[in-house]
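**Student:** For the sequence shown, this note's numbering assigns the number 6 to the initial residue and increments by one for each residue that follows. All C-beta atoms, glycine included, are put in the ideal place defined by N, C-alpha and C. This one's a predicted model, so the numbers in the text were calculated from it and none came from an experiment. Take this structure first; my questions come after.
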Amino acid sequence: MEMRVDFHTHIIPEDIPNFAQKFGGERWPTLEKTCSCGANIMVAGKVFREVTDQVWSPEKRIEDMDKEGVDIQVLSPIPVTFSYWAEPEAADEMSKIQNDFIADTVKKHPDRFIGLGTVPLQDVEVSIREMDRCMHELGLKGIEIGTNINGKNLDDPDFTMFFEMAEKWEVPLFVHPWETLGRERMPRHNFMYTVGMPSETALAAASLICGGVMEKFPGLKICFAHGGGSFPYILPRLDQGWKVWPDLRQISNLPSHYAKNFYFDSLNYDPLNIKYLVDRFGHEKVVMGSDYPFLLREIPPGKVIDDTIELTEEQKQDMLGRNALAFLNIEIKEEIKR
């Protein structure tokens, strides 16, 4: 049975509290309504992003899903709300509000939504506690994390215990770019989204491999947003670096050996790129994702997979739904047939 699962969608509570007032500091995102069907996400008094009610209303989402042929959306927070820069207690409160909201949304519509949580990675102990609550109390199916934490790459020793517990508890991790490198050089053309984010994702993936995280925790399940950004394309260059600089090696095999464990969403807009992902990593490592409800999203979700003529029908079905469920440790028989 065909099932379309959109792995990459974002949601925010409509009534998110004003943390800037509560805790002080300019960097907290707030939601300012512009009308009943729209709002601005504000950061430091400036418009960070214009959004519509699609970003908070489950009913509106379901309407769009029905229109666009999506059976299930996987809900994750908007990265601007990660708040890794804040005091851990405040960021933990921000995480809890979102995790509770996502879990509640899933509870109300269990056949349409699956939830991912967020944790305050600037404090690993607090993060592990919240990851435990997300997975073992709230019924969320994974955790979304950023590509760096206050400028520290994901292979920083500070995060070792987090990855150790994620592997132990079999927690799928969705890595999404945020606070991108080189932002000061991207003031125009929205390059932060089109160039910065893919580059940031490549750095995160390369760090997890070359810093030894994937070698140390081979059971980790990690999926990268936006088709892995520029990582798949530069992987042979990482291999070449490993070969020519033996004194820098922290891993026993070529980087491409560990990259086989990664998953990628399909949001790269071009069948040529989808074919490249499939050739390099296998079709079972690609999950359909649209970035709903933002401007750069794919409409309808899964179009790029449908348009990749080299794929068999069976491969397409896997990529459009089954792979995402497998990644999230959801058995197909658990699916609620509509």
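In chain order, what residues of the same chain lie with their CB nearer than 7 Å to the CB of Gln-320, ignoring the 5 residues before and after it?
**Tutor:** Counting from one through the sequence shown, the residue named residue 320 turns up at place 315. Within the same chain, Gln-320 has close Cβ partners His-288.
**Student:** Find the nearest neighbour of Asp-311 within the set Ile-239, Val-131, Lys-280, Phe-179, judged by alpha-carbon distance.
**Tutor:** For this step, residue 311 is matched to residue 306 along the sequence shown. For Asp-311, the nearest C-alpha among the options comes from Lys-280.
**Student:** Where does the unbroken alpha helix (DSSP H) through Leu-80 begin, and where does it stop?
**Tutor:** In the sequence shown, counting from the first residue as 1, residue 80 sits at position 75. Element bounds for Leu-80: not the alpha helix (DSSP H) but the beta strand (DSSP E), 77–82.
**Student:** State the DSSP-derived secondary structure class of Ala-44, mapped to helix, strand or coil.
**Tutor:** The residue you call residue 44 lines up with position 39 of the sequence shown. Strand, per DSSP.
**Student:** When the Cα of Met-166 is compared with those of Arg-134, Gly-187, Leu-143, Glu-142, which residue comes out closest?
**Tutor:** In the sequence shown, counting from the first residue as 1, residue 166 sits at position 161. For Met-166, the nearest C-alpha among the options comes from Arg-134.
**Student:** Mapping the DSSP letters down to three states, classify Phe-87 as helix, strand or coil.
**Tutor:** One-based indexing of the sequence shown puts residue 87 at position 82. Reduced to three states, the DSSP call for Phe-87 is coil.
**Student:** If I measure Cβ to Cβ from Ile-256 and keep anything under 6 Å in the same chain, skipping five residues before and after, which residues do I get?
**Tutor:** Numbered from 1 along the sequence shown, position 251 holds the residue referred to as residue 256. Contacts found: Gly-217, Glu-220.
**Student:** Which residues bound the beta strand (DSSP E) around Val-60?
**Tutor:** Residue 60 sits at position 55 when you count from the first residue of the sequence shown. Segment: none, Val-60 is in no beta strand (DSSP E) and carries neither H nor E.
**Student:** Can you list, in chain order, the residues of its chain with a C-beta nearer than 8 Å to that of Asp-160? Leave out the 5 residues immediately preceding and following it.
**Tutor:** Within the sequence shown, numbered from 1, the residue matching residue 160 stands at position 155. Closer than 8 Å at the Cβ level, and outside the excluded window around Asp-160, lie Ser-212, Leu-213, Cys-215, Gly-216, Gly-217, Val-218.
**Student:** Rounded to a whole number of angstroms, what is the C-alpha to C-alpha distance between Pro-223 and Lys-38?
**Tutor:** Walking along the sequence shown from the start, residue 223 turns up at place 218. Walking along the sequence shown from the start, residue 38 turns up at place 33. C-alpha separation (whole angstroms): 45 Å.
**Student:** Among Phe-12, Ile-227, Met-140, whose alpha-carbon lies nearest the alpha-carbon of Thr-206?
**Tutor:** Counting from 1 along the sequence shown, the entry for residue 206 is found at position 201. Ranking Phe-12, Ile-227, Met-140 by Cα distance to Thr-206 puts Ile-227 first.
**Student:** DSSP beta-bridge partners for Thr-110?
**Tutor:** As a first step, residue 110 is located in the sequence shown; it is residue number 105 there, counting from the start. According to DSSP, which records beta bridges pairwise, Thr-110 is partnered with nothing at all.
**Student:** How is Ile-154 classed by DSSP in three states: helix, strand or coil?
**Tutor:** Position 149 of the sequence shown, counting from 1, holds the residue named residue 154. Ile-154: strand per DSSP, three-state reduction.
**Student:** Counting pairs of beta carbons, one from the segment 312–332 and one from the segment 30–49, are three or more of them closer than 8 Å?
**Tutor:** In short, these stretches do not touch, since the Cβ pair count stays below three.
**Student:** Just how far apart, CA to CA, sit His-141 and Asp-116?
**Tutor:** Along the sequence shown, one-based indexing puts residue 141 at 136. Along the sequence shown, one-based indexing puts residue 116 at 111. Each residue's alpha carbon lies about 20 Å from the other.
**Student:** Considering only the alpha carbon of each residue, which of Arg-193, Met-197, Gly-74, Val-283 lies closest to Glu-184?
**Tutor:** Here residue 184 refers to the residue found at position 179 when the sequence shown is read from its first residue. Minimum Cα distance to Glu-184 is reached at Met-197.
**Student:** Identify whether Thr-123 lies in helix, strand or coil by the three-state DSSP scheme.
**Tutor:** Position 118 of the sequence shown, counted from the first residue, corresponds to residue 123. Thr-123: coil per DSSP, three-state reduction.
**Student:** Residue ranges of each alpha helix (DSSP H) run of no fewer than 4 residues wholly in the segment 279–340, ordered along the chain?
**Tutor:** The segment 279–340 contains these whole alpha helix (DSSP H) runs: 308–311, 318–322, 328–332.
**Student:** Which residues bound the alpha helix (DSSP H) around Val-249?
**Tutor:** As a working mapping, residue 249 is identified with position 244 in the sequence shown. That run of the alpha helix (DSSP H) goes 236–249.
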